[in-house]
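Asker: Each residue of the sequence shown is one higher than the one before, counting from 3 in my numbering.
All C-beta atoms in this analysis are idealised placements derived from N, C-alpha and C, irrespective of residue type, glycine included.
This is the structure, below, for whatever I ask next.
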Amino acid sequence: MGILIDKKTKVLGETVKMEKTTEAINNKIAELSENKGNPDFDVIIKDLETLRENIQGKSLQAIENERVNLGEKYKRPDMAGSRSQAQKVISNLYKPFVDDMGDFIQKNGESGDFNKWKMANTKLSELLGEG
3 MGILIDKKTK
13 VLGETVKMEK
23 TTEAINNKIA
33 ELSENKGNPD
43 FDVIIKDLET
53 LRENIQGKSL
63 QAIENERVNL
73 GEKYKRPDMA
83 GSRSQAQKVI
93 SNLYKPFVDD
103 MGDFIQKNGE
113 SGDFNKWKMA
123 NTKLSELLGE
133 G
């Protein structure tokens with residue numbers, strides 16, 4: 003996907019509407035808030051709130067970086083207590099992220115860009131064990 007984005011410098015500066023992802027984040031926060039006071043869930047809620055803020059009005063590359071960074075955070079040894087639940091939450095956010103990003107590419111890209119991105123994203127997801 004990086005190659006496609008790098009070739010599309012005109013698109014890099016444009017902002018991606020993350021409506022589906024924002025809605026999914028809000029739903030997850032509401033669901034996890036039922037367990038407030040649980041330190042593992044509180045960490046995830048805080049990270050989701052930060053993610054929700056960090057993806058607003060950002061470029062495609064910045065949003066992809068946020069998604070990857072969140073996934074990487076929970077691979078660290080110090081996050082072992084939250085890892086299982088966080089991975090479930092992150093997995094549930096994968097589809098809305100991809101849908102929002104795909105919608106943006108279809109709307110702003112050139113002919114064939116969406117299919118190239120979709121194929122590259124599928125291969126990357128398989129390598130990373132996502133989705």
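#1: With a 10 Å radius around its C-beta and 16 neighbouring C-beta atoms as the bar for buried, classify Glu66 as buried or exposed.
#2: Excluding the 5 residues flanking Met3 on each side, which residues of the same chain have their C-beta closer than 8 Å to its C-beta?
#3: What number of angstroms, rounded off, separates the C-alpha of Leu95 from the C-alpha of Asp115?
#4: Residues in its own chain within less than 6 Å of Met20 by CB, not counting five upstream and five downstream?
#5: Does the Cβ of Arg69 have 16 or more other Cβ atoms within 10 Å, making it buried, or fewer, making it exposed?
#6: Whole angstroms are fine: how far does the CA of Ser35 sit from the CA of Lys109?
#7: Count the other CB atoms within 10 Å of the CB of Lys48; is the residue buried (16 or more) or exposed (fewer)?
#8: Assign Lys90 to buried or exposed, taking buried as 16 or more other Cβ atoms, counted over all protein chains shown, within 10 Å of its Cβ.
Answerer: Reading off the structure:
#1: Position 64 of the sequence shown, counting from 1, holds the residue named residue 66. Buried, by the Cβ-count rule.
#2: Residue mapping note: residue 3 aligns to position 1 of the sequence shown, counting from 1. Note that Met3 scores 48 on pLDDT, short of 50, meaning its location in the model is unreliable; the coordinates nonetheless yield the value given after this. Excluding sequence neighbours, Met3 sits near Glu66, Trp119, Ala122, Asn123, Leu126.
#3: To locate residue 95, count along the sequence shown from 1; it is residue 93. To locate residue 115, count along the sequence shown from 1; it is residue 113. Asp115 has its alpha-carbon roughly 23 Å from the corresponding atom of Leu95.
#4: On the sequence shown, residue 20 is found 18 positions in, with the first residue counted as 1. Within the same chain, Met20 has close Cβ partners Ile57, Asp102.
#5: The count along the sequence shown starts at 1 and reaches residue 69 at position 67. By the 10 Å Cβ count, Arg69 comes out buried.
#6: Stepping through the sequence shown from its first residue, residue 109 is reached at position 107. Stepping through the sequence shown from its first residue, residue 35 is reached at position 33. Looking at the two C-alpha atoms, the distance is approximately 35 Å.
#7: Here residue 48 is taken as the residue at index 46 of the sequence shown, counted from 1. When all chains shown are included, Lys48 counts as exposed.
#8: Along the sequence shown, one-based indexing puts residue 90 at 88. An exposed status is given to Lys90, since fewer than 16 other beta-carbon atoms sit within 10 Å of its beta-carbon.
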